[in-house]
Each structure stands twice: as C-alpha cells, then as structure tokens.
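Protein chains in written order, with full-length UniProt numbering: chain U, 1 to 665; chain Y, 1 to 665. Here a beta-carbon is modelled for each residue, glycine too, at the ideal position from N, C-alpha and C.
Protein chains: 2
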Amino acid sequence: MAAQAKLLSLPLTDVRRMADAIRVLAVDAVEKAKSGHPGMPMGMADAATVLFSKFLKYDAADPHWADRDRFVLSAGHGSMLLYAWLHLSGHAGIEMSDLQSFRQLHSVAAGHPEYGEHPAIETTTGPLGQGLANAVGMALAERHLAARFGRSLVDHRTWVIAGDGCLMEGISHEAASIAGHFGLSKLTVLWDDNGICIDGDVGMTSSDDVLKRFQSYGWAVKRVDGHDPIAVEKAMEGAVRSRKPTLIACRTIIGFAAPTKAGTAGSHGSPLGSKEAEATKQALGWTSAPFEVPEDIKANWEAAGRRSAGARRSWLKRLANHPQKSEFERAISGKLPEAWHEASASFRQKIAEDKPKAATRVSSQKALEVLVPAIPEMIGGSADLTGSNNTNVKGVPVLSPANFAGRYIHWGIREHGMAAAMNGMALHGGLIPYGGTFLVFADYMRPSLRLAALMKIRAIHVLTHDSIGLGEDGPTHQPVETLASLRAIPNLCVFRPADAMETAECWELAVQRSDGPSILALSRQGLPALRDEAGENRCARGGYVLAEAGGKRAATIVATGSEVHLAVAAREALEAEGIPTAVVSLPCWELFSLQDEGYRLATLGDAPRIGVEAGLGFGWERWLGADATFIGMTGFGASAPAEDLFQHFGITVEAVIAAVRRKLA
Amino acid sequence: MAAQAKLLSLPLTDVRRMADAIRVLAVDAVEKAKSGHPGMPMGMADAATVLFSKFLKYDAADPHWADRDRFVLSAGHGSMLLYAWLHLSGHAGIEMSDLQSFRQLHSVAAGHPEYGEHPAIETTTGPLGQGLANAVGMALAERHLAARFGRSLVDHRTWVIAGDGCLMEGISHEAASIAGHFGLSKLTVLWDDNGICIDGDVGMTSSDDVLKRFQSYGWAVKRVDGHDPIAVEKAMEGAVRSRKPTLIACRTIIGFAAPTKAGTAGSHGSPLGSKEAEATKQALGWTSAPFEVPEDIKANWEAAGRRSAGARRSWLKRLANHPQKSEFERAISGKLPEAWHEASASFRQKIAEDKPKAATRVSSQKALEVLVPAIPEMIGGSADLTGSNNTNVKGVPVLSPANFAGRYIHWGIREHGMAAAMNGMALHGGLIPYGGTFLVFADYMRPSLRLAALMKIRAIHVLTHDSIGLGEDGPTHQPVETLASLRAIPNLCVFRPADAMETAECWELAVQRSDGPSILALSRQGLPALRDEAGENRCARGGYVLAEAGGKRAATIVATGSEVHLAVAAREALEAEGIPTAVVSLPCWELFSLQDEGYRLATLGDAPRIGVEAGLGFGWERWLGADATFIGMTGFGASAPAEDLFQHFGITVEAVIAAVRRKLA
C-alpha cells in the first residue's frame, strides 16, 4: 500500500488508532471534567493526526525552537485535541494527570487553550476567528523575518484548524483578505467543515460558498474527506506546494463514532455521557481503560514528536555559524537592543530644549523616527489612516508582497484583522508590532485588545484623534467613553500623554513593556510643551506632580493628555489669585495604580481635587472621590470645529478655574 | 434617444447637471466648512442621481411615510451627497443655509449623517460597514412586516451606497452573508468602486475579487461605469428584477472633475482648495455662484422628490381601508400594545408567589414567554447560542427564507452583524429586536452597541454567562471588565438583575425604553429568589433598598445580579452579630444616576458601604467612594468549576462579612 509508505511508514490502521487516541482522550477528559467540547476533537482527529505526524515541523523536546512551524487551534473550544496531541507526542509539562484535571483550577489543560500555560500553546483561542487572524500575523512575521535573517534561520509554516464559527465571524474576512493580498503561501487553514453549529445545521444560518469566498481572496482551496488520511495528506502536500495561502475544507462528522450524537450539535459542547462514551469506544474498538493509551500508539505518537529533531539540530548548527546569530537571538528573546535607550534619551533632551508645540500624534511620529531605526524589530502600520495616525517613518520601506523586508504595513480598513495579526506577530516572536487607527475605533478591535492583555504580549496601538478635539467628524468619531472602556481592561496600559515630552516617555514605556499591550491615545490638535527637563522618565509612575502649588496646596487639578495644558493655565490664574494649586498629570492609570499608596497620596495630595479630561468621568472617582468635581464630557460629542466644541461642552480654562473656586467655596 | 425617455424623460445632459448640482454643493460646503469629504459625493453623484430620480421610492413631502424605500449612506463621510439630495429634492427642514453651516455646531448637516437630525436620515453612519449591516436589518424587517401586514402596506426596497472601507470591514462579511442566506432580493448595494482608500490605491492593501466574494454569499453582482447613467439605470433595473440581493459595482473616479485631485486620495477627506474648486466648476461648465443652483436643475430635482407622491396617496388609501390599520400604525409608532403590561404584571405576581430559584437567563426566558406573545413587534434571536442564551420562546416560529413571518432569527456566529442588523430593524420601525450572545462577546458588537446608544433606538441585548459564574470555559469567556465597559457608554442601560423578579422588572423596563438600547446581563448559574412582592417595578429607579438594616444602619452592602444573594446572606449573619446592615440592589446604574440626589443618598445611606460584584471594581467608586471596599475581581478569571472560582477569587458570603467587619473596625 502506497499509503503505508506515506504516513510515517505506518499502516493506515495504526494512523487511525493514533487519531482514536485523541478522540478517546477528549471523550474521557470531558467526561471527567463534566464539561467541555468533545465533538470537534473527535471530528478533526484524523486530519490533525496527518498534520502532527507528517507535516507540522516541531520537536517535542523543544517547543521554544524558533523555526518550528506554528500550529493554531482557532476553534479553541476543541482544546482537548491540542492537549491530547501535546501529551501523546511527548511534550514535557503536560502529563496524563494534566489531562485528568482538564478544566480544573490551575490545570495546564484549561477550558480553552491559554497562552503561557504551556510553551507549545502558541496563542489563546476561544473567541472565534481570533486564532485564524493571529495565524495570519504569524505567517506575515515569518515572511518578514525570513527576509531579514534569511531562510537558513527562518523557514517555517503556519497551520490552523478553524471551525465554522471562525469563518462566520467578520474577522475571518479581514484576516483572509490580508493573507490573500500578501500571498502568504506558507499559511494553511484546515477548516473543520462539519456542517454543524450550536443552534443546529450550519445551513440554517449560512448559505455561503466558503471555498469560492476564499478563492475571491486569492487563496488556493481544496475539499477533502476529513476522515480519509490519504486525501488529507494529498491536500496538505498541495498546500505545501501552493504559491497561495490554502484552505482545506475537511468534510468531517462532528463527534465521529459517537453512536447517537455523531453528526449532531449534541456532541459539540457537553460530555457525551458515560453510556455514549462507552459506546463510542466500542465503536472504535478501543478497549483500554480511561486515560490509558496502548504503548504502541504512544510510541508512534512519540516518534511523530521526534520527527523533526534532526531538522532542529541542523538548524541549531546553522544558527551557531550565522553572522546574525546574536541579533537573531536578541530579537527572538524580546530584549531590546543596547543602543535604543541612549537614542531615546538624547531625543528627550532635544525636546527639553526645543519645547515643541505639536499635536501628540505628531510628537509620536517624531518619537518613532528615533525608535524605529534604533529597534529593528519594530514593525508599524495603520488601518488606512497613515497620514492621520502619523505612524509612518520617512525612509522606512513598506512591507508588500514584493518586499517582505519592509517594516510598514498598510493594513487597509481592517482594524480587527490588524490588531489580531499584530497579536500574532508578537506571539511569533522577533517583532514588536505597532499599529494605528482612531481611538474611537478601538471598539472595532476590542476582542483582540482584550486577548493581547490576557496573553501579556507586547502590541502597541497608536490611537489618535482621542477626544472631541478631532472636531467636525462628529460624535461617531469622537471617543467619550473609550478611555474608560480601555482603562477597564486588566493589564492594558492606556497612555494619554500631554505634550511632546510625555509622548516620548510613554513611547519608551510602551516599547519597554514586554508583558502587556499598550495604547497611546493621542491628540489631533496641537498642544503646547509643558516640560523642559528630560532626566527621569516621569510617566513611568503613571502620574506625577507636573506643577507644585506655590504654597500649601489649596487644590489639586488632575488632568491627562490634551487637557493638562488647560490645568496648567488654570493653575497660573489661581496662583495669581492667591490659591495655591498643584497640577498632576496622570498619563497612565494602570501604572499609577501600581505605585505604593504613599506615592499616590503624595501626588494627589489631600487638598480638594478637580479632574479634567475631554471624556466621560466614568472611573475618575477612583482619583477624585465619590463627590468628584470633574470637568469633561457627560454624553456624546457633536460635529463642529474643535474650539467650538470645547467651549460648547465647557472644557475650558475658565471652567476649571470656576470649578476650583466652587470646590473651595 | 431611448435614454431620454428612461430617465424622467430628461435629456441626459439635464441628468448630468442634476448630478453636477450635488457635486458642486459638496465642493462648496466642504470648502466653506474648511473640512469634509468632497471626493465621494463627486464620484457617486451620477449613480445617486439615477437612484434618487428614478428608483428610490420616496416623497419629499413626507419622509415619515412608512412604506418609503430606505436609503442608507453607508459611506457616511460622503454626507454632503445625502444633504445635497435632501435639499435639492425639496425636503423641508434642510435648507441651503443648513448646507452652508455644514459641520458647524447645531447644524442638521453634521460631519457624518446623524439619525434624528432630519427625518430622512435613516441611520447614523461613519463607522464603516455599519450602514450596510443596518440596511440588511431594514430589508429583513421589510420582509417580516410584509409577511405580517401584507404587501399592500409593506412593499419597499432598501438601497445602500457603500465604499471600499465598508466592504473591507469584517462586518460586511457577516452582513452580506446574512442577506445572501435570507435572499433579501429587495436590497441593493451600490459600491463606490473608485479604487482609492485613504492611504492610496486600494490595490495597495487589498486583492479581493469583491464581485466573486458577493457571489459566494448568493448575491447577484454587476459591474458598471458609475458615470454612465444609462448603464447604472440598467443595472438597477436588473437589481429590481433579481431574486437575490444585488451588488452593483460602480466604477467611479473619486473627486470626479477636479482637474488635479480627481482619482486620488487627495480629494477624499479635505477641501479641494479654492483654486481647485473653481477649476472643478469650470471643468463641469458650472457658472453659478457658490450655493446657488440654477432653477431648471432645482425644478428637475423637485420633480424627482415628488415622483412617488401618487404612490404615497394610493398607499394612504390602502392603509385607510386596511383591517390592520390601527395595529400597523401602533407598531410603526413604537407604542406598545395595551395588554402587555397587564400580562407582565400578573407574571410578576406569579413570581412573587412561586419564588423560583433559577438562573436569570432562565428567568429571562420565562419573561419572554409572557412578553413575546403580548408584544407582536418583538423579534428575537441569538448569535448561535440559543440554548445558552435562552432567547427562544416555545411555539414562536423561526424566521427563515421560507417563512418571513417567523419571529426568531438564528443569526449565526455573527455578533457584530446581528447587532447592526438589529439596529436596522429598530430604525426601520415596527419592530423591537432582541438578540443574545455571551456577555463577554459584547466586545464583538461594541461599535453597533455604541451607535444604538447614540441613535437612541430600542435594541435589546440578552447577554448571558455574565461573570466567572460561567465556570470552566475560562478567562476568554468570562467577562470581568465588560460591565464597566458597557456602563461607560452613554444612554445604554445595562441591567443586571438579581433574581427572577428583577429579571421580569428589567425586561419590562427594556421593552418600555423607546429612546435607547438595553442590555440584560444574565447569569448562567442558578440564583435564589430574593423578592416576594410584585407591586411597583422596583428596578425602575435603577437601585433600591432590598433589605433595610434591623436598626440604625452600620453598613450598607451594595450588590448587583448574581452577587445580591451573597449580600443578603452576609447581612443575615451580620444582623445576627448585632451589626445592622442594609442591602442595596443596583441593577441599573444608568437609571440610578437619573434619580434625584435625595433618593440616591437615602438608598445608599451614610453608613460605610461595601460593594459586591463578580467583576472589576472599575467605576464602583462612584457609589462607594474613593476608599471603596469592593469584593470582586482584580484581573482576568480562570478555567474551573464556578464554585471553585468564587472561592478562589474570594467572592463569598464570608468575604463580604469579613469586609464589613474590617470596614467597621
């Protein structure tokens, strides 16, 4: 049989038993946890076995290997497929006992794959479509790094298992379109085409011709019987040869082999039940006890896990002799280059001297002009607002299908796809992605922002036009609740710098922050310089006294971003009236919250506090108290020139002065 | 010329001059405002003129006419096209002076079309892709209402102008797929296929075969020269005949007729400049002064605006004689039927007697079983989580291509498309849409939630699995910041009921709330009944004293939703210890904020306050003070059984008791 020679020289019956091991472990783990999703692992086990035992380049002995193929389980609810494979193929750190504690507190085997729980989990999935879009970013990262370091160091593929849900989500359109545009031929998506969604048959909600859709994006497509290993193998061989990204529709039966539940939504998201589980094993001819795998099957899986060990050793040799060895290792490790900080420090010194009056989006661009050349792993872009976001840097080439060495990406009007692909680039390693859109459109990419925060990865978002200060475009484009909604996300640093100096400082912090995403909320409108010293990075503590009161503090004005200069002007008038007033700049709440209470109290002071921000007051009570005096917005904005809006909504120096006077009266 | 007979019996030169009037007004208004987007109206004026003068069924004398065709400018930045048409065609309330105050404070002619500014503005657009998805909801609403009231009352089309941005956004995939699945043949999208996005040529960011993509959704497609009125006319005739939704790709030149900027991104988003504006007019042969339109052109436009006056009069006659006249008028007006409140009141009486212990998602389903039969304009659905969201009602048929009279929609895994289509249904009139998904996936539809709040429309979201109480699915599925992020949106009522009674009350409030969207955040897990009286709707004030202290209040525990019963249990223990403790239930912050200060203070009391909610404390200081004692989450959740998680994160009766004791110590 030709088939035998093809799949690890194993008879197909052995291959099938390898797949059955995944199926049965999924059934057992879900049964024991009394919750989970057996249907997908049972359906996709055959195709996954072909992938893991013949195509995916990985060495179970070293999941950190930089040139490994990336595997993304976009249909994250089928997590047991991933865990079963990792365990069976011999990865350390995921034992049978971990599978037995599937979905229990502190288990590596969480309900959905969680990045950080095990090094071979490439990304956190579960929110549908995200993994697919991460994978596009990973594949793009591969092409870029291959262009930078050469194919002797970087030459791997990205494989995805996606479900109907992933493909129905809007993000799949953005991601697939990006992949098609860039011709990411080393990206292959296995679509678990089982025809079932939670509410029932997919046909009840969708009449898409999915293959035709992916063809319209410039993908190669193929439909196969997902339970026929040879057919799957042929399709994967085609994908490897293809000069386009490839979608392989694997026709499968969800809950394969479950006598009554196979092919139905009933096998999707809950245990089969002990009877059905037993009957399934019987149907498969599986006689081992729960959580037991016959030795020959385990041995075949471990052989699969060692399959690329030789390739890894060769790669290590190539790396050892590579002229860019240390630079490659540095970039992959996420450590910044030596010289960057010096460059940034002298840039800040220059700002202290020049005191430029500029919109913070422009100051951000100036900072990028220093950082991007100094940090070669920074890779920028914008969701079709380059000229507004000021995210590009002169002389930095565009990344295009013709030039993957480029470092600037025109993401198109695809905020969600951009953010998720940026996550994928950060997860891949070797890159620090940053991308721009308007602050209000953070809403379009919020699921990906949340995942970046959850995964603790370094993705930086340049979100300009950060208040009614954007003017005429009106309330649809004016964030009012957006700062609050982002500050609410754990582990996301929202920076809102007040001038050129703070912008440079916040950029430093964002770039240095290797354990979470950052947002820079930047003004459209010009802002005066407020700082003329450049020693310590004062934004590093999240908030600081920008101007101390002339005497014992009678009041403290706390402000952020484009409203800090209003606070400074108000302070001057109040001081002249004999009201000693301090101004606190609070560019990053997240960092300020991390300071010790002593520092926070000393900064905010015990005099009455007045907050100023051209957004809603939601959340400001944390700094101002429940009887907060807050100058800002109380609802949506309006369409008018910016100056008119600040007047109309009463966010002015006069209003701040009056509020302080009222507070002290 | 056959053409003359076809377009309002006008020579094509006159038709062209009608289009030029739109172009020139757009140029003049943007020039005067010193900001705006002239390129799109200049490019699409020809196609739009064909639409507005021959196909769109409307009567400028009555923009409220219920059976008018809907026109949605999804590419909302081209707002001057809309305003110019409305003015030229003779709509009251949008005068030349309004165009002259384009983008100024209080102008009808805001930067982007704002729903509510003028009755002929069907929806607020600007955030790309939203209008297209609204239109899908409108077209679906039309089919449903036609099935309910007959085609003699409901028989109209929905027309959209969309740009490249709309089609690149992920939401376009969800919306187009829904339209294709339901075969919404009366929906036609004119795609302004100008090949230009803000960063430059579309080809720089996208290689999609858009027509093929829409064919994959089951749409009819056609490509035409967008500057050839006869070709556009033929394509629209084809669309009217088609049994599928239709995409007409109008090949256009952005900034048409601007000598140097036409065909470039330079004409997209800023004034042409006085010289180029002059040269444009010269190129068009336009000799009138700014904001002046020759009388013959204005007369032709006004004739277009009167074109369907006869059809409207016939319709009014049909309505007058229609057996369902008053019911139709009631539904369209948004007024609830007489009997609904009685039904709901007796349902609440039953809850008071039965005191059911149930998850609030289950209690919600019980409420729906009363409301949906009583309020025929309620139309439900879920983004493929029907069994989890409990959004369906027994006996209510599914809305399908075969049965548009159905009242339950399987939206598929398309949260964003669902929310935007729900907005479109509410905007259409005659329907109160509600839809379900998990609370954490509110992030996927946030741009549409924001627009519903901005537009003040009644769309109700049933968001279940509202905390770590969902258990094993883990942090990707557990909202922690989501409540805060939604409460931050102005004019959005976030209801988090504590038991069956509160759930019924919150449903009443959501249904009654005709000037804004509502969210019901509901538990997965079972909850005890806390209320046994059913008179007044106590949730109507947003918060209330659920249990008063046994003596002078020593402490007040403020809680929401699934944590209120913890507060009640803690109170009992504390009272037994001799610590008089009150429990305040705070199901809706938005409504509570609207109460007078006296009520709020009386409710919250002046004793120390302790907050309890299985989410982050962000925003809670508003009710608790800056030194808030809050029992809740401090970061993301984890994967484990729910009871383990509440223990692990310390959200327990014991923790509440301990917190009160500490606070009083």
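Figure out for me which residue from U:I375, U:F347, U:L385 and U:A339 has the closest Cα to the Cα of U:R361. Translated into positions along the first sequence, residue 361 of chain U becomes position 361. The shortest C-alpha separation from U:R361 is found at U:L385.
I want to verify the contact list: residues of chain Y whose CB lies under 9 Å from the CB of U:Q104, in sequence order. Walking along the first sequence from the start, residue 104 of chain U turns up at place 104. By Cβ distance, chain Y contributes E472, S639, A640, P641 and D644.
Considering just the uninterrupted stretch of the alpha helix (DSSP H) at U:L368, what are its terminal residues? By 1-based counting over the first sequence, the position of residue 368 of chain U is 368. Where U:L368 is concerned, the enclosing alpha helix (DSSP H) stretches over T360 to A374.
Determine, for U:P479, whether the minimum Cβ-Cβ distance to residues of chain Y falls below 7 Å. Within the first sequence, the letter at position 479 stands for residue 479 of chain U. No - not a single Cβ of chain Y is within 7 Å of the one on U:P479.
Interface residues of chain U facing Y:A484 [CB-CB closer than 7 Å]: If you number the second sequence from 1, residue 484 of chain Y lands on position 484. Neighbours of Y:A484 on chain U, chain order: A488.
Can you check DSSP and say which residues form a bridge with Y:V410? One-based indexing of the second sequence puts residue 410 of chain Y at position 410. Note on identity: in this sequence residue 410 of chain Y is His, with Val being the wrong assignment. Answer is Y:S382, bridged to Y:H410.
With distances taken Cα to Cα, identify the nearest neighbour of U:D208 among U:D193, U:D199 and U:A220. Numbered from 1 along the first sequence, position 208 holds the residue referred to as residue 208 of chain U. When each option's Cα is compared against that of U:D208, the closest is U:D193.
Any residues in the segment 617 to 631 of chain U with a beta carbon nearer than 9 Å to a beta carbon of chain Y? Which ones, in chain order? G617, F618, G619, W620, E621, R622, W623, L624, G625, A626, D627 and A628
Can you tell me whether U:N390 is helix, strand or coil according to DSSP? Along the first sequence, one-based indexing puts residue 390 of chain U at 390. Looking at U:N390 - three-state DSSP - the assignment turns out to be coil, as it is neither helix nor strand.
I'd like to know if Y:P475 contacts chain U, where contact means its C-beta is closer than 7 Å to some C-beta of that chain. The sequence position of residue 475 of chain Y within the second sequence is 475, counting from 1. Output row for Y:P475: interface = yes.
Spatial neighbours of U:H156 within its chain, please: C-beta separation below 8 Å, excluding the five flanking residues on both sides. Your numbering for residue 156 of chain U matches position 156 in the first sequence. Here the set comprises K57, D67, R68, D69, R70, E142 and K186.
Contact defined as beta carbons within less than 8 Å: I believe U:P490 pairs with Y:F636. What is the distance between those atoms, to the nearest angstrom? For the purposes of this step, residue 490 of chain U is taken as the residue at position 490 of the first sequence. For the purposes of this step, residue 636 of chain Y is taken as the residue at position 636 of the second sequence. Confirmed, about 6 Å.
Do you know offhand how far Y:A3's Cα is from Y:I230's? For this step, residue 3 of chain Y is matched to residue 3 along the second sequence. For this step, residue 230 of chain Y is matched to residue 230 along the second sequence. With a pLDDT of 42 at Y:A3, under the threshold of 50, the predicted position of this residue should be treated as unreliable, and no value is reported.
Using a Cβ cut-off of 9 Å, pull out every chain U residue sitting near Y:H112, in sequence order please. By one-based count along the second sequence, residue 112 of chain Y stands at place 112. The contacting residues are D473, G474, P475, T476, H477 and S639.
Buried or exposed: where does U:H64 fall if 16 or more other Cβ atoms within 10 Å of its Cβ makes it buried? Locating residue 64 of chain U in the first sequence gives position 64, counting from the first residue. The residue in question, U:H64, is exposed, as its Cβ has fewer than 16 Cβ neighbours within 10 Å.
Does DSSP classify U:Y434 as helix, strand or coil? Residue mapping note: residue 434 of chain U aligns to position 434 of the first sequence, counting from 1. Strand, per DSSP.
Neighbourhood of U:I379 by C-beta, 6 Å cutoff - its chain only, sequence neighbours within 5 removed: Numbered from its first residue, the first sequence carries residue 379 of chain U at position 379. Result list for U:I379: R407, L431 and P433, in chain order.
Does Y:L247 get closer than 7 Å to chain U when you measure Cβ to Cβ? Within the second sequence, the letter at position 247 stands for residue 247 of chain Y. No, Y:L247 does not count as interfacial toward chain U.
Interface flag, U:I198 vs chain Y, CB-CB below 7 Å: Within the first sequence, numbered from 1, the residue matching residue 198 of chain U stands at position 198. Chain Y, which has a Cβ nearer than 7 Å to the Cβ of U:I198, makes this yes.
If you run the structure through DSSP and keep just helix, strand and coil, what is Y:A220? If you number the second sequence from 1, residue 220 of chain Y lands on position 220. Three-state result, Y:A220: strand.
Per the contact definition of three or more C-beta pairs closer than 8 Å, is the segment 74 to 89 of chain Y in contact with the segment 212 to 223 of chain Y? no
Judging by CA-CA distance, which residue of U:E95, U:P294 and U:W286 is the nearest neighbour of U:A257? In the first sequence, counting from the first residue as 1, residue 257 of chain U sits at position 257. The candidate whose alpha carbon is nearest that of U:A257 is U:W286.
Note down, in chain order, all residues in the segment 167 to 190 of chain U with a beta-carbon under 8 Å from any beta-carbon belonging to chain Y. M168, E169, G170, I171, S172, H173, E174, S177, G180 and H181
For Y:W340, the three-state DSSP class (helix, strand or coil): Locating residue 340 of chain Y in the second sequence gives position 340, counting from the first residue. DSSP places Y:W340 in helix when its eight states are reduced to three.
Rounded C-alpha distance that separates residue 677 of chain Y from U:L566: Any property of residue 677 of chain Y remains undetermined from this structure, which presents chain Y solely from 1 to 665.
What are the residues that DSSP puts in a beta bridge with U:G611? Within the first sequence, numbered from 1, the residue matching residue 611 of chain U stands at position 611. Beta-bridge pairing links U:G611 to U:V558 and U:F630.
Judging by CA-CA distance, which residue of Y:E237, Y:V240, Y:F182 and Y:T280 is the nearest neighbour of Y:G218? As a working note, residue 218 of chain Y is residue 218 in the second sequence. The candidate whose alpha carbon is nearest that of Y:G218 is Y:F182.
For chain Y, is any of its Cβ atoms less than 7 Å away from the one on U:S97? Numbered from its first residue, the first sequence carries residue 97 of chain U at position 97. So no, U:S97 is outside the interface.
So the alpha helix (DSSP H) U:D193 belongs to, where does it begin and stop? Counting from 1 along the first sequence, the entry for residue 193 of chain U is found at position 193. No alpha helix (DSSP H) holds U:D193; the beta strand (DSSP E) holding it covers L187 to D193.
By how many angstroms is the C-alpha of U:R446 removed from the C-alpha of Y:D473? The residue labelled residue 473 of chain Y in the question sits at position 473 within the second sequence. The residue labelled residue 446 of chain U in the question sits at position 446 within the first sequence. Near 20 Å, if we compare the C-alpha coordinates of U:R446 and Y:D473.
Below 9 Å between beta carbons is the criterion; list the residues of the segment 31 to 50 of chain U that meet it against any residue of chain Y, in chain order. A33, K34, S35 and G36
Which of helix, strand or coil DSSP assigns to U:N423: Mapped onto the first sequence, residue 423 of chain U falls at position 423. Of the three classes helix, strand and coil, the one that applies to U:N423 here is helix, per DSSP.
Buried versus exposed, by CB contacts within 10 Å (16 or more), U:A659: The sequence position of residue 659 of chain U within the first sequence is 659, counting from 1. Its Cβ being crowded by 16 or more others within 10 Å, U:A659 is buried.
Which value, in whole angstroms, describes the spacing of the CA atoms of U:G543 and U:A345? As a first step, residue 543 of chain U is located in the first sequence; it is residue number 543 there, counting from the start. As a first step, residue 345 of chain U is located in the first sequence; it is residue number 345 there, counting from the start. U:G543 and U:A345: Cα-Cα distance of roughly 20 Å.
When the Cα of Y:G526 is compared with those of Y:E563, Y:A504 and Y:V240, which residue comes out closest? Sequence index remark: in the second sequence, residue 526 of chain Y carries index 526 (1-based). For Y:G526, the nearest C-alpha among the options comes from Y:E563.
Confirm, please, whether the CB-CB distance from U:R553 to U:A607 is below 7 Å. Position 607 of the first sequence, counting from 1, holds the residue named residue 607 of chain U. Position 553 of the first sequence, counting from 1, holds the residue named residue 553 of chain U. Yes, Cβ-Cβ distance for U:A607 and U:R553 is below 7 Å.
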